[in-house]
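In mature numbering (1 follows the signal peptide of the UniProt record, and there is no 0), the protein residues as written are -25 to -1, 1 to 173. Cβ coordinates follow ideal geometry from the N, Cα and C atoms, glycine included. Bear in mind the structure is a predicted one, so any value in this text is a computation, not a measurement. Everything below concerns the one structure shown next.
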């Protein structure tokens, strides 16, 4: 009797076993197309929810920012008219110009994304302007400076936080730029405060 090498015998056994298993299991696996479609739709819906949530978050940021910009612009315009100190009037002019430019940029950014934002003072903004308008003389100047520094400080903190959370890189870059602009205003206000204490 002739000896068959071990490798050949192992290969033959493996081949025979695979043919036997294949022939025994000759049924075809059917995939329910309805289940596949439902799974794909569930994935699409989940992805859409994520996109929608991000868009909603972005729109809230832009709405808040528009409200802030409008109020700061109107407060600065009022300060240009009513402030006693020429330094406060000059500061208010620079702040009004900055917020006017920012509102224009904001309008363009939101229009590109199909987001609606306030274009006139909100009720809160109007009440801030009305409260400041009741002040007279030096008291007006002090109140305007106090309101400006507080609101700019708070806005810087808020938009730094928003920029760190937002997923859209364009919105993040826009918020980062806005924070730099607000920091510039904050520094001008701080310099005026320091100058007035000397």
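CA-to-CA distance, residue 68 to residue 173, given in whole angstroms: In this structure, the CA atom of residue 173 is about 23 Å from the CA atom of residue 68.
C-alpha gap between residue 84 and residue 136, whole angstroms: 20 Å
Cβ pair residue 44, residue 77 closer than 8 Å: yes
Endpoints, the alpha helix (DSSP H) within which residue 89 is located: Element bounds for residue 89: n/a, residue is neither H nor E.
Residue burial classification, residue 106 (beta-carbon count within 10 angstroms, cutoff 16): Around the beta carbon of residue 106, a 10 Å sphere encloses fewer than 16 other beta carbons of the protein chains shown; the residue is thus reported as exposed.
N-terminal and C-terminal residue of the alpha helix (DSSP H) that residue 153 is part of: 144 to 172
Under 8 Å between C-beta atoms of residue 175 and residue 53: The chain is shown only over -25 to 173; residue 175 falls outside these bounds and no answer can be derived.
CA-to-CA distance, residue 144 to residue 93, given in whole angstroms: Computed Cα separation, rounded: 23 Å.
Cβ-based burial, residue 33 [other Cβ within 10 Å; buried from 16]: Label assigned to residue 33: buried.
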